[in-house]
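Protein chains in written order, with numbering that gives the first Met the number 0: chain A, 0 to 354; chain B, 0 to 354. For every residue, glycine included, the Cβ atom is placed at its ideal position computed from N, Cα and C. Here's the structure, in structure tokens; my notes come after.
Protein chains: 2
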Amino acid sequence: MSTTQANKIEIIKAPTTKINEVDFENLNFGSVFTDHLFECDFKNGEWQNPTIKPYAPFMMDPSSRVFHYGQAIFEGMKAYKDDNNDIWLFRPDENIKRFNSSAVRMAMPEVPEQLFTEGLNQLLKLDEAWIKKGLGNTLYIRPFMIATGFGVVANPSDEYKFMIILSPAKAYYSGEVKVLIAEHFSRAANGGIGAAKTAGNYAGQFYPTSLANKEGFQQVIWTDDATHTKLEEAGTMNVFFRINDTLVTAPTSERILDGVTRKSLIDMAKREGIAIEERSVLVSELIEGIKDGSLKEIFGAGTAAVVSPIKGFAYKEEYFELPKIEDSIALQLKEKLTNMQHKLTEDPFGWTVKI
Amino acid sequence: MSTTQANKIEIIKAPTTKINEVDFENLNFGSVFTDHLFECDFKNGEWQNPTIKPYAPFMMDPSSRVFHYGQAIFEGMKAYKDDNNDIWLFRPDENIKRFNSSAVRMAMPEVPEQLFTEGLNQLLKLDEAWIKKGLGNTLYIRPFMIATGFGVVANPSDEYKFMIILSPAKAYYSGEVKVLIAEHFSRAANGGIGAAKTAGNYAGQFYPTSLANKEGFQQVIWTDDATHTKLEEAGTMNVFFRINDTLVTAPTSERILDGVTRKSLIDMAKREGIAIEERSVLVSELIEGIKDGSLKEIFGAGTAAVVSPIKGFAYKEEYFELPKIEDSIALQLKEKLTNMQHKLTEDPFGWTVKI
Ligand SMILES: Cc1ncc(COP(=O)(O)O)c(C=O)c1O
Ligand SMILES: Cc1ncc(COP(=O)(O)O)c(C=O)c1O
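Rendered as structure tokens:
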């Protein structure tokens with residue numbers, strides 16, 4: 000692993016701030032960025048020139064590998080501000096670890112943890128005015144790495160750019176979510192790249208998702224590509240099913256993103272004494288569960304969506320709606336999680352990290 | 000479909016040429032580019048400002064969708080110059096059609112055929128000095144499209160850039176090629192994006208291919224992801240097997256790129272009276288074929304690699320070498336194909352197109 004120069008981050012400040020142009024009450028997810036970004040380039044086998052500088056476009060060669068062969072990975076994290084104006088991250092070590100596993104799978108260099116952490120923390124401190132207090136206000140953090148080496152030959156780049164950009168985000172409220180269960184299209188192959196947070200996994204979902212959108216479904220729940228009988232995950236969320244009083248969710252595998260929200264909810268449920276099973280869930284179980292009333296809830300879990308209740312699902316042209324529920328486990332877990340993240344309640348797990 | 004402005008291509012000429020700096024006898028594939036490129040932007044629902052201009056880096060926003068969600072497709076074609084200095088393409092309509100199917104699968108806008116053709120032809124005429132005469136000299140053509148819209152939200156971009164860049168290429172001679180047959184990793188899922196020429200399909204192969212490289216194999220031959228028993232294709236080539244005097248190759252599917260070289264070789268073989276079957280080929284057939292002597296040849300077929308004989312393969316830790324052969328069908332087809340492409344022999348199929 001290359002030496003980090005984390006303690007030598009060069010900081011070039013923006014002459015003015017854009018913050019006054021931003022309506023923090025009406026934010027479209029991921030569309031407004033803060034004044035600065037963190038950047039570091041990988042060249043000649045090492046990470047070089049870590050820099051914080053004004054958010055701005057940059058030059059890319061038309062033959063850059065990322066455009067042709069898709070070496071590109073990212074992460075999604077959030078920063079929260081508490082009532083004392085302290086800034087908190089939620090399990091950042093998990094994101095850094097996952098970023099580096101994605102890097103390995105995509106034949107890209109790992110980013111040293113110290114470099115990642117220092118770059119992120121210094122950037123957050125500089126742009127801290129963009130993190131608003133109060134439940135529901137967050138700063139979405141997007142670390143990413145792209146292949147910048149030249150040449151249209153299908154092998155790994157020898158140059159990369161690592162960047163962190165920041166976008167203020169309101170709680171992602173998606174209204175009533177109806178999902179389509181995939182019967183033909185797939186997100187990931189056995190032995191493929193489904194467990195990596197890599198760009199190509201997302202573009203591949205856009206077309207099937209647009210077909211679902213046309214039929215009135217906001218998301219697709221992916222199934223295993225060989226039989227389309229096992230439920231896997233949604234486009235940017237892992238998925239939980241509540242059968243009677245037991246939560247079930249697909250086990251992680253090389254086809255599924257190992258979500259930080261997913262694993263946190265599992266641990267929270269265990270602590271609350273809620274029964275939880277990590278096992279393959281069959282589409283047929285859902286349909287039976289609707290018929291006999293045992294299927295009580297379905298919800299997605301992810302950093303952007305937090306916990307997102309699902310109202311109903313379609314499978315093979317039939318639509319199944321979930322019963323209305325009073326004692327929603329989804330909403331209970333969501334409240335506990337967001338309160339913990341915003342430091343409104345105790346964090347018995349040690350997941351929240353002050354920067 | 001948007002209106003094309005193909006007849007209004009703006010041309011900005013490079014003040015000088017880089018051609019004298021290039022050693023045309025020693026070219027690394029895909030690393031040297033000609034003086035100009037073609038560019039056209041998709042904005043507000045239409046293709047705008049088609050321009051030929053000097054090859055140069057361009058500005059990209061850090062939040063450009065291609066970096067985060069991988070909407071990126073490309074094609075690979077070649078131009079040839081004959082003894083009369085005429086410039087020829089090989090089945091360009093097939094590449095344009097495939098480019099636009101890739102676009103649909105990746106939720107990107109199609110490029111009108113006339114715009115693609117006009118942009119390419121005018122670019123080739125301007126940089127025609129870069130196409131050298133003689134068998135083995137070609138100009139590799141790389142049309143590509145990337146999502147340039149801003150924002151880190153996982154849905155399709157509304158802005159795109161289409162570009163064509165050109166790179167002089169010698170015949171791709173890869174020496175002796177040994178391949179590893181995939182037992183764990185995969186290239187494509189059922190219902191996935193394997194049939195699209197999209198960036199993410201390539202990055203996903205780099206890590207498994209690097210593992211194969213370390214064991215002395217240049218390429219991986221991918222198998223179906225569910226059972227790893229059926230042979231599919233290699234990283235940038237379709238694959239043919241000669242069993243006794245019959246050629247067999249996997250049928251196209253949504254997991255396999257529908258190669259122009261592959262389909263051309265099939266038609267050429269038919270015309271020559273060579274038996275050819277498009278059917279699933281099992282790994283076990285190859286092993287039996289080695290043992291009983293019926294497996295005579297394996298070769299890859301693709302625009303960059305042309306026809307590339309394979310010397311041997313490994314499967315489950317065992318290496319199988321093919322017998323030496325006198326009357327190679329691979330080399331026979333390769334010669335016929337390249338002679339046709341370079342206009343050294345007749346083209347009975349009408350595949351070669353003068354620009
Ligand atoms: C494909 C996919 N699954 C699941 C998740 C949820 O993961 P996490 O909880 O770590 O945000 C995400 C998004 O982040 C994702 O992109
Ligand atoms: C995955 C893949 N398969 C096959 C091929 C061969 O296709 P074609 O003969 O059209 O070049 C290519 C390359 O072009 C490819 O990228």
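At a cut-off of 8 Å between C-beta atoms, Ser185 of chain B counts as an interface residue with respect to chain A. With a threshold of 16 other beta carbon atoms within 10 Å, Glu325 of chain B falls short and is exposed.
One Cα belongs to Phe66 of chain B, the other to Thr197 of chain A, and the distance between them is close to 9 Å.
Residues of the same chain with a CB within less than 8 Å of the CB of Ser327 of chain B, apart from the 5 flanking positions on each side, are Glu296, Pro308 in chain order. Taking C-beta atoms as the reference points, Glu109 of chain A and Asn94 of chain A fail to come closer than 8 Å.
Ranking B:Gly133, B:Leu330, B:Ile220, B:Ala168 by CA distance to the CA of Leu264 of chain B puts B:Leu330 first. If you check each beta-carbon in the stretch 149-167 of chain B against every beta-carbon of chain A, the ones closer than 8 Å belong to Phe149, Gly150, Val151, Val152, Ala153, Asn154, Pro155, Met162, Ile164, Ser166. Ligand 2 has no heavy atom closer than 7 Å to the beta-carbon of Thr116 of chain A.
For the pair Ile180 of chain A and Ala78 of chain A, the CB atoms are not nearer than the 8 Å cut-off. Per the C-alpha coordinates, the member of A:Asn83, A:Glu20, A:Glu158 positioned closest to Trp46 of chain A is A:Glu158. In this structure the stretch 82-100 of chain B touches the stretch 339-346 of chain B; the number of beta carbon pairs closer than 8 Å is three or more.
Restricting attention to A:Gly288, A:Leu125, A:Ser209, A:Met144, the CA atom closest to the CA of Pro111 of chain A is found in A:Met144. Gly311 of chain B sits in a strand when the DSSP states are folded into three classes. A direct Cα-Cα distance of roughly 16 Å separates Phe115 of chain A from Leu125 of chain A. Using a CB distance cut-off of 8 Å, Tyr206 of chain B counts as an interface residue toward chain A. Between the C-alpha atoms of Asp40 of chain B and Thr147 of chain A there is a straight-line separation of about 21 Å. Setting aside the 5 residues that flank it on each side, Val178 of chain A is surrounded in the same chain by Phe216, Gln218, Ile220, Ile309, Phe312, each with a C-beta closer than 6 Å to its C-beta; the list follows chain order. In its chain, beyond the 5 residues on either side, Phe239, Val306, Ser307, Pro308, Ile309, Ala329 have a beta carbon closer than 7 Å to the beta carbon of Phe298 of chain A. In the structure shown, Glu345 of chain A falls within a coil segment according to DSSP collapsed to helix, strand and coil. Scanning the stretch 245-320 of chain B from its first residue to its last, the whole alpha helix (DSSP H) runs of 4-plus residues come out as 259-271, 282-291. For Glu232 of chain A, the CB falls within less than 7 Å of some heavy atom of ligand 1.
Close CB contacts of Ile289 of chain B within its chain, under the 6 Å cut and outside five residues either way in sequence, are with Phe319 (chain order). Ligand 2 has a heavy atom closer than 7 Å to the beta-carbon of Ala300 of chain B. In the DSSP annotation of this structure, the continuous segment of the alpha helix (DSSP H) that includes Lys96 of chain B starts and ends at 91-104. Between ligand 1 and the CB of Thr197 of chain A, the shortest heavy atom gap is not smaller than 7 Å.
Taking 7 Å as the Cβ-Cβ cut-off, the stretch 56-77 of chain B approaches chain A at Pro56, Phe57, Met58, Met59, Asp60, Pro61, Ser62, Val65, Phe66, His67, Tyr68, Gly69, Gln70, Ala71, Phe73, given in chain order.
Residue pairing of Leu165 of chain B in beta bridges, as defined by DSSP: B:Ile140.
Taking the C-beta atoms as reference points, Asp85 of chain B is found nearer than 8 Å to Lys353 of chain B. From the beta-carbon of Asp224 of chain B, the residues of chain A found nearer than 8 Å are Ala188, Asn189, Gly190, Gly191, Asp224, Ala225.
The beta carbons of Gly29 of chain B and Ser166 of chain B sit about 5 Å from each other, so the pair counts as a contact at 8 Å. Beta bridge pairing from DSSP links Leu179 of chain B with B:Val219, B:Ala313. Nearest to Glu284 of chain A by C-alpha distance, out of A:Gly272, A:Val259, A:Ile242, is A:Ile242. For Met236 of chain B, no alpha helix (DSSP H) run applies, since DSSP gives it neither H nor E.
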